[in-house]
Amino acid sequence: MQPSISEQERIYSLDVIRGVALLGILLANMPEYAYMPSRFTGANAYVRLFFDLFVQTKFYTIFSFLFGVGFWVFMDRAGKRGEQVNLLFSRRLLVLFLFGVVHLLFFRGDILHLYAAIGFFLLSFYRKHEGNVLGMAIGLLAFSMLPVVVLAMMNLDVGGTSGLPSNEAGFWQNGLDTIWYVFGSEISAAPQLFPEILGLFLLGLYCGKKQVFTQIDRFRRPLRVLQIGSLIATLPSWFLILLAFFKNESYGTNSAFAWVFFSGKTLALFYVTSLMLLLEHPIWQKRFVMFARIGKLAITTYLTQTLVWTALVACLQATGAELTLVTGTILCLILFAVQLWCARLWLTHYRFGPVEWLWRTGTYGKRQQLKRL
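Residue 8 in our numbering is what sits at position 8 of the sequence shown, and the numbering runs on without skipping anything.
What follows is the structure, given as structure tokens:
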């Protein structure tokens with residue numbers, strides 16, 4: 001049995017976009033890792049504003065979309081090799097679910113178990129016509145976004161920070177009882193979480209079926225239209241977020257959550273289309289190579305971020321020190337720079353990240369070659 005995707009078969013732009021998304025997810029998760037308050041003043045308020053304008057809800061949107069693209073790539077290539085694609089992908093999801101359950105012991109905002117659970121629904125769309133997939137994706141995303149926008153127009157506080165569960169102090173210490181609590185919480189949030197995530201998965205599946213990432217020449221004009229249109233569509237949300245910021249003495253995401261949530265979709269589209277178009281040029285391919293490397297180690301990087309922040313927060317709590325949003329942002333950038341360096345070093349000697357290797361081995365039921373020959 002051959003590995004699912006060789007290094008020669010990898011789609012460079014997907015690795016780059018995934019790597020960029022990892023930085024955004026780290027920044028978005030940092031306030032949850034550190035149990036920061038929901039409202040800020042002074043310099044911290046401006047950092048929170050920057051997050052809401054450019055980071056919050058944007059990058060888990062991209063990550064979810066890429067999961068759908070990755071589903072198509074996996075199933076298409078496995079199918080061409082004559083594999084039992086449904087069985088193989090189901091095993092892949094089960095291993096991912098186990099990673100997510102373990103991660104829940106450390107961070108309530110884990111997305112892996114959620115992706116694995118919802119990912120099973122993708123199997124029923126694999127052979128459906130592209131138009132049906134796109135229609136269902138649009139319908140699900142509209143269904144998930146409409147209630148938030150309606151409540152915002154009624155001037156009701158819809159709460160939340162990212163559409164995903166937030167962390168709690170000491171969460172990881174509560175073991176299985178806490179995991180069951182999280183599952184109960186997510187079941188109650190299913191009317192928003194399920195259609196949004198599945199809708200993004202299906203949007204990625206549609207792009208995979210259309211071969212958007214492998215035949216960009218065919219789609220350069222519509223990509224440019226989407227790039228410009230998505231940026232224009234983001235402007236009203238930015239205006240309303242800024243309005244909420246300047247009319248309050250303190251600022252938190254809840255002040256304009258609906259518009260943060262809405263801009264997460266439009267700006268994510270702008271980010272993805274911009275990167276796809278930039279990466280058509282060799283000079284930009286070279287400039288983004290560091291993100292491509294870390295994009296190959298996405299799950300290892302994601303889980304490592306939690307482990308580092310869990311250790312850091314434990315040290316801060318032991319000493320009674322407090323962490324500001326400004327300082328936390330600086331620490332995130334330092335951590336990510338270290339991860340970029342580690343990714344380059346690791347991939348010099350190994351073909352996959354350690355967690356990715358476990359994932360592949362569990363998927364295929366056979367030990368995968370890790371070291372480079």
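For each residue, glycine too, the CB sits at the ideal point set by N, CA and C.
query = Just reading off the alpha helix (DSSP H) that ASN29 is part of, what are its end residues?
reply = 12-33
request  = Assign PHE239 to one of two classes, buried (16 or more other C-beta atoms within 10 Å of its C-beta) or exposed (fewer than that).
outcome  = exposed
ask   = Given that a residue counts as buried once 16 or more other Cβ atoms are within 10 Å of its Cβ, and exposed if not, what is TRP259?
value = buried
query = Cα separation between THR273 and LYS209?
reply = 17 angstroms
CA nearest to the CA of LEU14, picked from ILE216, GLN317, THR266, LYS247 = ILE216
query = For TYR126, which three-state DSSP category applies?
reply = coil
message = So, at 6 angstroms on beta carbons, what are the nonlocal neighbours of ARG91 in its own chain, with the 5 sequence-adjacent residues on each side left out?
response = THR363
ask   = Apart from the five residues on each side of it in sequence, which residues of its chain come closer than 6 angstroms, Cβ to Cβ, to THR214?
value = none
task = Work out the CA separation of ALA256 and LYS247 for me, nearest whole Å.
result = 11 angstroms
ask   = Which of the three DSSP states, helix, strand or coil, is assigned to LYS209?
value = helix
query = Going by the beta-carbon positions, is the gap between MET276 and ILE62 smaller than 9 angstroms?
reply = no
key: Inter-residue spacing [alpha-carbon to alpha-carbon] between GLY19 and ILE25   = 10 angstroms
key: Length of the line joining the Cα atoms of ALA137 and PHE89   = 21 angstroms
request  = Can you have a look at ASN132 and say buried or exposed, based on whether 16 or more other CB atoms are within 10 angstroms of its CB?
outcome  = exposed
ask   = Which residue from GLU356, GLN211, LEU279, GLY252 puts its Cα closest to that of ALA43?
value = GLY252
task = Could you name each continuous alpha helix (DSSP H) segment of 4 residues or more that falls completely within the stretch 297-339, going from the start of the chain to the end?
result = 298-319
request  = Use the C-beta contact count for ALA28: other C-beta atoms within 10 angstroms, 16 or more gives buried, fewer gives exposed.
outcome  = buried
key: Cβ-based neighbour list, LEU278, same chain, cut-off 7 angstroms, excluding 5 preceding and 5 following   = TRP284
request  = Sort out for me which residues DSSP pairs LYS80 with in a bridge.
outcome  = According to DSSP, which records beta bridges pairwise, LYS80 is partnered with nothing at all.
message = Quick check on PHE288: does DSSP put it in helix, strand or coil?
response = coil
request  = Hey, could you find the ends of the alpha helix (DSSP H) SER274 is sitting in?
outcome  = 257-278
key: Limits of the unbroken alpha helix (DSSP H) element including LEU226   = 216-246
ask   = Beta-carbon separation of VAL148 and PHE262 under 9 angstroms?
value = yes
key: Supposed contact pair SER64 and ILE197 - C-beta distance, whole angstroms, cut 8 angstroms   = 5 angstroms
task = My understanding is that ASP110 touches GLY100, with C-beta atoms under 8 angstroms, so please give their C-beta distance in whole angstroms.
result = 5 angstroms
task = State yes or no: is the C-beta of PRO354 within less than 9 angstroms of the C-beta of THR266?
result = no
inquiry  = For GLN103, which residues in the same chain have their Cβ closer than 8 angstroms to its Cβ, ignoring the five residues on either side in sequence?
reply    = Here the sequence assigns His to residue 103, which means Gln is not the residue at that position. For HIS103, where only same-chain residues beyond five positions count, the Cβ hits under 8 angstroms are ASP110, LEU112, HIS113, LEU303, THR306.
key: Buried/exposed call for VAL212, threshold 16 Cβ in 10 Å   = buried
key: Buried or exposed (CB count within 10 angstroms, at least 16 for buried), LYS58   = buried
inquiry  = Out of GLY82, GLY79, MET75, which one is the CA nearest neighbour of LEU93?
reply    = MET75
inquiry  = Alpha carbons only, please: which of PHE291, ARG108, LEU335 is nearest the one belonging to LEU312?
reply    = LEU335
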